[in-house]
Amino acid sequence: MNKNIILYGAILIFGLAAPFIFPAFKVQLSILCILIILAITWNVQGGEMGYNTFGNILFYGLGMYLCASVQVGMFFPLGEWTEGGGEKTFVHTPAQFFQGFAVGLAVAAVVPAIIAGLIGYSILGLRGHYFAICTLGLGVAAGEISGGIEIIGAGQGFTTPPFPNVDRLEARGEFFYFCSFIVLVFTFLAVKAIYSTRFKLVLNAIRDNEDKAEAMGIQTMKYKIIGWMISAFFCGLAGGIMGGLVGYIDSTDVAFDGREMGVFMVLMAILGGKGTLWGPVIGATLFHIFKEGFWTFFLGWQYVALGVLIVVIVIYFPEGIMGWLREKYPERFGEVVDEADRKAQVTLK
Amino acid sequence: MLTLQAVLDGLLLGVLFALIAYGMALQWGVMNIINIAQGDLVILGGYIAYFMYLYGIHPAWGVIVSPIIMYFVGVIIYKLVINKVVDRDLFISILATFGISILFMQLMNFAFGADVVLANSGYGTTMLFDNSVTLPNSKIFSAFISIVFAIGLVIYMKKSKLGRAIRATAQNARAAKILGVDTEKVYAATFGINAALCGVAGALISITFTIHPYMGLPYTIRSFMIVIVAGLGNLPGVAMSGMGLGVFEEFADYILGTEFRIGSVFLLLVLILVYRRFKLSRKREYLK
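Quick mapping for you: the protein sequence lines, in order, are chains B and S. My numbering puts the last residue of the first sequence at 585; the count rises by one with no breaks. My numbering puts the last residue of the second sequence at 334; the count rises by one with no breaks.
What follows is the structure in C-alpha cells.
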C-alpha cells in the first residue's frame, strides 16, 4: 500500500511538472494523455466486458464536434462561423472562450453517454464479431454522414475557436496539457474506483460467459449498457479536448478517424494487456513513443509500420505486456502459486 | 424512367457485389475467419487490370490475368498471416486482417498514387426504351463475366477433388483431417480462390467504375452484409441480396445524394444487424 502511494505520488508530480521540464513536448504530452484516456475507456468495454468495439471512435468524434459547436454556438451563430471565415469575424474574449470550453466539455461528455445508452439496447444485443463489425459500421457511417452536414462545416471542416490572446505565448499548450492531464487523472481514478466494486466482477462474468452470468440472475443488458455509457462518457471528454488542441475538425480525418484513432485505441489496450488497470496506460505510452518515432523519421511509411505492428501484436503478442508479466511473475499480481505444482508443470513440458 | 435506370444499374452492380460476397462466404464458412482486407484485395485486383491498360493491353484481359496473380497473393497472405488466426477467436482475425488492410492501402498508395483511376474499355453504351435508359456496355460485360465465374466456381466446388475437400473441411475440419484431407492445403487454396475472385471483381470494377487505394473498406462491408443477409453457403441468396444491395445503393445515391452513398451502406449494415438481433431475441437467441 505504501509503495502504491509513492508510485502514484511520483507519477502525479511528474505529470504536473512535465510541461515545465519538457516545454517543447507539451502538445505531444497532451496527446499522450488523450491516448491513455482512450485506451482506458476501450479497456472498460473491450477488456473487462469482452465486447470488442471499433465504434468508440463514434463518441470521440461526437464529443469533438459537440464541444466545438457549443463553444461557438453559445456566443455566435454557428452557421455563419462554419460558412467560412467566421473565425476571423467573431473573436472570443478569454472569458467567453473558457466558459464555452467548460460548457462544451460537459456537453461533450454527457451527450455521447446518453446516446450510448439509447443505442445500447439495440447494439449490445449483438455478440462477438457481429458487435465488432456493427460498431465499425457505426463509426464509419458517422464520419460519412457528418461530412455531409452543412452546419458543422461539411467537407471543408470546422475551425475551433482560436485560443484567446493572453500575455504568455506558452499559455495555450499549458492550458490544454493541464486539461487533458486532469481529465486523465479523473478517468484513471474513476475507472480504478469502478474496478474495485462488484460492477467489475459483473463485467468480467459477462466477458467469461454471458449466458451463465444471465442464468445466475445478473441483468446483463443493464450492466452492458452502463459499461458502454461509462466508456462513451470519457471518450467524449477526450474528444472534446482533442478538438480544441488540434484546432481544426475534419469529419473523416480528425473526428471519426477510424483508420487512426479507432484502431489505435484497440491496439494500445491490447499491447498493454487487456483487462488490467495499468495495461492500457503502459500500452498507450509505449505506442505513442513508437508512433512519434515512426511518424517523424519514416514519414509516409507510418501506415505500413502500423499495419505490420497490428498483425504482429495480434498474432504473436495477444496477451499484452501485463498479461506476459502476469504469466511470468504471478506472485506480484497477488496470485498464490504452489511452487511444487509449478515445477511439476515445467517438467511435464 | 430514372427509376428504371437506377434499378438496372443496381442489378448490374449487385452481381459484382455478389461475386465478392461469395468469396467472403467461402472463407468464412471454411476457415471461420472474417477478412477485413477483402475490399483491398478487390482494389489490388483492379490495379492489375489498370496497369495492363496503361501498357496498352485491353483491360478486359485483366479478368484472366488478375485472378491468377491474386491467387498467389492470397496464398502468400495465408502462409504469412492467416494460418496463425484460423483456429482462434474471430476478433483476432478481424483485427489481424484490419492490419493487412491498412498495410495494403498504404502500399497501394505508394505504388499507384492516390488518384482515382479507371481503365477505359471503350465498349460504348447501349440505349434502351427509346433512349431513356443508358447502360454502359462495360457494366453488362462485367455482370456477364461475374455470372460466368460464379457458375464456374459452383461447378468446380461440386465436381472437382479440391472442391470436395473444401466442402468436407467446411463441414468438419477434424473429420476431414482424419480422412486424409490436408486441411492446411485446403485452407491455402480457399484463401487463394477467394483472392482470385476478388481479383476478377477488381478487374471488372476498374473497367466499370473507378478505383482508389482507400476505397477497399466499403467493399468489405458490402460483402459482409450480403453474407449475413443470405447466410453461409446459400448461393442463390447471395446473388439475390447482392442485387438487392446494388439497387438500394443506386436509390440511396439518387434520393439522398452521392455524398451519403457510403454512409447509407454502413447504416444499412447497422440496421440489418439490429433487425436480426431483435428478431432472434424473441426466441432468446443471438447471432452466432
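We treat Cβ as the ideally placed atom computed from N, Cα and C, and that holds for glycine. Remember, predicted model here, so these are calculated numbers, not experimental data.
Interface residues of chain B facing residue i [CB-CB closer than 7 Å]
i      : result
R268/S : Simply none; closest approach about 11 Å.
Neighbouring residues, chain B, relative to residue i (Cβ below 9 Å)
i      : result
A142/S : I546, V547, V550 and I551
F175/S : Result: empty, since nearest Cβ-Cβ is about 33 Å, beyond 9 Å.
Within-9 Å CB hit, residue i to chain B
i      : result
K125/S : no
L333/S : yes
K329/S : no
G130/S : Sequence check: residue 130/S is Lys here, not Gly. K130/S counts as touching chain B.
V119/S : no
I66/S  : no
L313/S : yes
I274/S : yes
L263/S : yes
G277/S : no
F187/S : no
F237/S : no
F297/S : no
C97/S  : The sequence given here places Phe at residue 97/S; Cys does not occur at that position. Judged by the 9 Å Cβ criterion, F97/S is not in contact with chain B.
F255/S : no
F158/S : no
Neighbour flag for residue i against chain S, beta carbons, 9 Å
i      : result
L377/B : Note on residue identity: the sequence assigns Ala, not Leu, to residue 377/B. Chain S contact via Cβ: present.
R495/B : yes
V499/B : yes
G389/B : no
M285/B : no
K585/B : Because the pLDDT of K585/B is 45, which lies under 50, any placement of that residue in the model is unreliable, and the number read from its coordinates should be weighed accordingly. Not one chain S Cβ lies under 9 Å of K585/B.
G453/B : no
V540/B : yes
I506/B : yes
G536/B : yes
A576/B : no
Where residue i meets chain S, residues with beta-carbon distance less than 7 Å
i      : result
R381/B : Going by the sequence as given, residue 381/B is Ile instead of Arg. Under the 7 Å cutoff, chain S gives F306 and G309.
N288/B : F137
A368/B : F137 and I140
H365/B : I80, L136, F137 and I140
P313/B : Chain S residues near P313/B: none, gap ~24 Å exceeds 7 Å.
P554/B : I138
G299/B : What G299/B touches in chain S: nothing, since even the nearest Cβ is about 20 Å away.
Interface residues of chain S facing residue i [CB-CB closer than 9 Å]
i      : result
G543/B : F144, G145, I146, S147, I148, L149, F150, M151, Q152 and L153
L362/B : L319, V320, R322, R323, Y332 and L333
Anticipated Cβ contact below 8 Å, residue i with residue j, distance rounded
i      : j      : result
A249/S : G91/S  : 6 Å
G288/S : A52/S  : At roughly 16 Å, the Cβ-Cβ gap does not stay under 8 Å, so G288/S and A52/S are not in contact.
F394/B : I267/B : Not quite, the Cβ-Cβ distance comes to about 19 Å (not below 8 Å), so this is no contact.
L561/B : Y431/B : Not quite, the Cβ-Cβ distance comes to about 18 Å (not below 8 Å), so this is no contact.
G60/S  : G303/S : Wrong, their Cβ atoms sit about 21 Å apart, outside the cutoff.
V119/S : A241/S : 6 Å
C269/B : P348/B : Not really, about 19 Å apart at Cβ, beyond 8 Å.
P400/B : H328/B : 6 Å
S382/B : Y301/B : 7 Å
G286/B : I442/B : 6 Å
S147/S : V246/S : Contact flag wrong, Cβ pair sits at about 20 Å.
Minimum Cβ-Cβ distance from residue i to chain D less than 9 Å
i      : result
V502/B : Among the protein chains of the structure shown, namely B and S, there is no chain D.
Proximal chain S residues relative to residue i, where beta-carbon distance stays under 8 Å
i      : result
S358/B : V320, R323 and F324
G384/B : G303, E305, F306 and G309
Closer than 8 Å at the beta carbon, the chain B residues around residue i
i     : result
V38/S : Given a span of 47 to 334 for chain S in the structure shown, any question on residue 38/S remains unanswerable.
Ranges of the alpha helix (DSSP H) found wholly within the segment 282-351 of chain B, counting only runs of at least 4: For the segment 282-351 of chain B, whole alpha helix (DSSP H) runs of length 4 or above, ordered along the chain, are 292-309, 314-319 and 322-325.
Segments assigned beta strand (DSSP E), at least 3 residues, entirely inside the segment 90-171 of chain S: Here no run is fully enclosed.
Residues in the segment 54-84 of chain S having any Cβ partner in chain B nearer than 9 Å: For the segment 54-84 of chain S, the residues whose beta carbon sits under 9 Å from a beta carbon of chain B are, in order, I80 and I82.
Alpha helix (DSSP H) runs wholly inside the segment 407-465 of chain B, at least 4 long, in chain order: Counting whole runs of 4 or more residues, the segment 407-465 of chain B contains the alpha helix (DSSP H) stretches 407-431, 434-444 and 446-451.
Contact set between the segment 325-347 of chain B and chain S, restricted to residues whose Cβ is under 9 Å from the partner: Contacts with chain S (Cβ-Cβ distance below 9 Å) from the segment 325-347 of chain B involve no residue at all.
Near-chain S residues of the segment 245-276 of chain B (beta-carbon distance less than 8 Å), N- to C-terminal order: Look at the segment 245-276 of chain B: it has no residue with a C-beta under 8 Å from a C-beta of chain S.
4-residue-minimum alpha helix (DSSP H) runs that sit fully inside the segment 178-229 of chain S, ordered along the chain: Whole alpha helix (DSSP H) segments, 4+ residues: 183-205, 207-217 and 219-224.
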